[in-house]
Structure formats: C-alpha cells, structure tokens
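First the structure, in the form of structure tokens, and then the observations on it.
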Amino acid sequence: MDTLYTHSMRYPDLIHVNARSEEYLTHRRWQLHHQDGDLDIHTGYANLRYGAIIPRSKGQLFVNQFAVQKTLLYQRRMADVFFSFWTNSYPYIVSNPLPLFNAVRRLKNALADHSPYFVKSDIELPLDQRDVRTACENDKCLFVTNIDLLPLSTEYNPDQNLTHSSLGSIAMWKDQLDMDIPEPEFWRHRGYHAAVDGDSTTCWNTFTAPKQGDYFGLDLIGDMRASRLLIQLRQTMEQDAQDAFTIRALNKDGWEDCSIVPDLTQSLPRRMVYQMTCPDGKPISAIRVFFKHTQQRPFDLCAFGLDNFLV
C-alpha cells in the first residue's frame with residue numbers, strides 16, 4: 001500500500017487500485033468509452049477489495065449521486081461496483097500479484113510449528129455438502145444445485161514452483177486434475193448467476209450432462225404459497241414435460257414431495273409451466289427440482305419462477 005499511496009500522490013484526483021494479476025485483464029476489458037453528441041462516457045471498473053486509494057471528493061460525489069438516482073436495495077448493497085463507473089473517469093489500475101502462495105506457505109509453517117491461535121481442524125460442513133451457489137439478482141433468494149463444475153479442492157505441494165504449477169495456470173490446473181474445466185469466459189457468461197439474474201436471455205449451463213437425482217432450486221428469503229412452477233430453458237428437454245422432473249418443497253414440517261402437472265395452455269417448447277400441488281398447501285421456504293433421468297447433454301436454465309416470483 002505504501003507504493004500505491006506514493007503513486008497516488010502523482011495523480012491525486014484519480015482512483016488508484018491494486019488488481020490481482022488474474023483479474024488485470026478483466027479490469028482492462030471494462031475500460032469503456034462512448035461519445036454521442038453531448039454524451040461522453042470514459043469510465044472503468046475497479047475492484048476495491050485488494051487495496052485502493054480514493055480521493056475523498058470522489059466518495060462524497062458518489063454519496064450525492066446515490067441520493068438522486070433511483071436505486072433498488074440490492075443495488076445499494078453492491079455500491080462498490082457502481083462507484084468506479086460513476087466517477088466517469090478511468091481508474092489507475094496497478095497489477096499486483098498478491099501473496100496468496102506465501103500466505104498458504106506461512107500457514108503450513110505455523111501449523112507445523114504448533115503456533116498458537118492456528119486452528120488445525122476444519123469447520124463442520126464439508127465442501128461436498130455446500131450447494132448454495134449464488135444470490136438471486138433481486139436479493140430475495142439463493143440459487144442451489146448439487147451440480148459442481150470444479151474440483152472441491154486441489155492438493156497443495158509446498159515445493160511446487162508457483163509459475164509452473166496448477167496455482168499459477170488454469171491450463172496446468174486442468175492437466176494436474178485431468179479434468180475438463182470451463183474457461184473463465186464460459187464462467188462469466190454461463191455460470192450459476194445466469195440462472196437467476198432476472199434475464200431470460202442468459203442461461204446457466206451445467207457444462208456436463210446432469211445425472212439422475214441431480215437437482216437445482218431456490219432457498220427463499222421468507223416463505224410463500226406457490227401453485228405454479230415455471231422453468232425456462234435454452235433447448236427443449238429430452239423427456240416430455242410430464243416425465244422430466246420431480247419436485248420437493250420445504251415447509252415448517254420439513255421436506256415434502258409435490259406433484260406437478262404441465263399447464264399446456266401456458267407452456268411453450270422451451271418455457272415449461274406446471275401446476276404444482278404441495279401437501280396441505282402450506283407456505284414453502286425452499287424448492288428443489290430433481291432430474292428423473294440422466295441427460296445426454298448439458299442443461300441450460302434461463303429463468304425460474306414460483307407463481308409471480310420470477311428470477
């Protein structure tokens with residue numbers, strides 16, 4: 001931070017940001033310009049979490065901007081994303097390979113030396129039981145699936161060379177694990193978030209074909225009564241709508257099976273609408289959609305809805 005501060009003194013009116021090496025290209029790709037008459041955009045993205053020097057005037061200006069712009073609650077919670085763009089000036093991005101490898105090495109040495117305050121046991125809830133993947137765009141639910149495209153963990157070799165190892169290269173990570181792992185570009189556009197971003201033209205892609213018993217669904221913030229289920233896809237299902245899924249919902253009494261019947265008056269080939277009946281019609285706080293059959297190709301989920309609650 002001393003060097004970043006020294007650099008910021010040369011150009012005190014700019015935002016100065018440390019960018020992790022693997023994120024540097026993302027920052028550069030989101031440096032944008034556009035001119036149309038009096039409209040003049042020249043702005044860029046800055047991830048502030050790894051160290052930033054920000055002029056106080058920029059912070060005050062942003063507070064004023066937020067006061068006059070109509071923003072939703074979930075947008076206000078992501079104010080850091082808006083901040084650098086709304087300055088309408090290019091942040092000064094400094095590439096900085098943060099000491100991730102050094103941090104792990106220091107942890108290993110501390111554990112080996114039985115240093116105080118370092119915890120040896122893992123916190124309960126194993127990685128293979130963590131199925132919450134992303135927050136819904138409206139901040140009213142969490143998207144859940146057991147389908148995971150990535151390895152749960154990678155073996156750490158304290159003697160490895162960072163530059164020529166899985167920690168320094170996605171290609172070497174793939175080779176080490178002998179796995180087909182999505183490229184970053186795929187992840188940005190087809191990752192979990194694309195299922196619940198409120199845009200039916202973007203879709204989460206499972207990357208591999210779902211197996212029988214795989215599931216996806218929502219954990220709701222609160223509960224609701226629901227009698228209608230909508231599932232919008234990029235491609236038609238391999239099975240008939242009636243035979244594609246089984247449904248379970250969580251109410252105050254626990255998980256229960258729900259029956260579904262296709263609503264042919266509202267359904268389209270890639271927009272499946274079901275009438276859903278759950279026991280006793282109690283409000284539900286979560287729903288899971290299970291594949292009844294192993295699929296032959298990856299699955300794309302573009303939108304998901306319960307009654308008028310659509311994501």
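Letter by letter, the sequence shown follows residues 1 to 311 in UniProt numbering. Even glycine gets a Cβ: it sits at the ideal position worked out from N, Cα and C. Treat the numbers as computed from the prediction; the structure is a model and nothing was measured.
Cβ pair residue i, residue j closer than 9 Å
| i | j | result |
| --- | --- | --- |
| His16 | Ile41 | no |
| Tyr45 | His27 | yes |
| Arg271 | Gln235 | no |
| Gln31 | Tyr90 | yes |
| Ala226 | Asp139 | no |
| Gly217 | Arg130 | no |
| Glu256 | Pro279 | yes |
| Met224 | Phe309 | yes |
| Arg49 | Asp80 | yes |
| Lys211 | Thr294 | yes |
| Glu137 | His189 | no |
| Asp300 | Trp187 | no |
| Tyr92 | His7 | yes |
Residue closest to residue i, alpha-carbon to alpha-carbon, out of the options
| i | options | result |
| --- | --- | --- |
| Lys292 | Pro151, Ser267 and Glu238 | Glu238 |
| Gly198 | Ala67, Lys58, Leu48 and Ala303 | Ala303 |
| Ser267 | Trp86, Leu230 and Val289 | Leu230 |
| Val68 | His193, Ser57 and Trp86 | Trp86 |
| Ala241 | Val273, Lys252 and Asn88 | Val273 |
| Gln60 | Thr43, Gln75 and Phe83 | Phe83 |
Own chain partners of residue i with C-beta closer than 7 Å, once the 5 adjacent residues on each side are dropped
| i | result |
| --- | --- |
| Leu4 | His16, Asn18, Gly51, Ile53 and Val94 |
| Asp122 | none |
| Asp13 | Pro55 |
Whole-number beta carbon distance between residue j and residue i, since they are thought to touch under 8 Å
| i | j | result |
| --- | --- | --- |
| Thr206 | Pro298 | 5 Å |
| His125 | Phe118 | The sequence shown places Leu at residue 125, not His. With a Cβ gap of about 20 Å, Leu125 and Phe118 do not count as contacting. |
| Ala286 | Asp219 | 5 Å |
Residues of its chain near residue i, where Cβ-Cβ distance is below 8 Å and the 5 sequence neighbours each way are ignored
| i | result |
| --- | --- |
| Gly213 | Phe290 and Phe291 |
| Lys120 | Leu111 |
| Ile170 | Ile181, Glu183 and Pro184 |
Any C-beta of chain D under 9 Å from that of residue i
| i | result |
| --- | --- |
| Glu238 | The structure shown contains no chain D; it holds only a single protein chain. |
Touch test, the segment 143–161 against the segment 177–195, Cβ-Cβ under 8 Å, three pairs minimum: Yes: at least three Cβ pairs fall under 8 Å.
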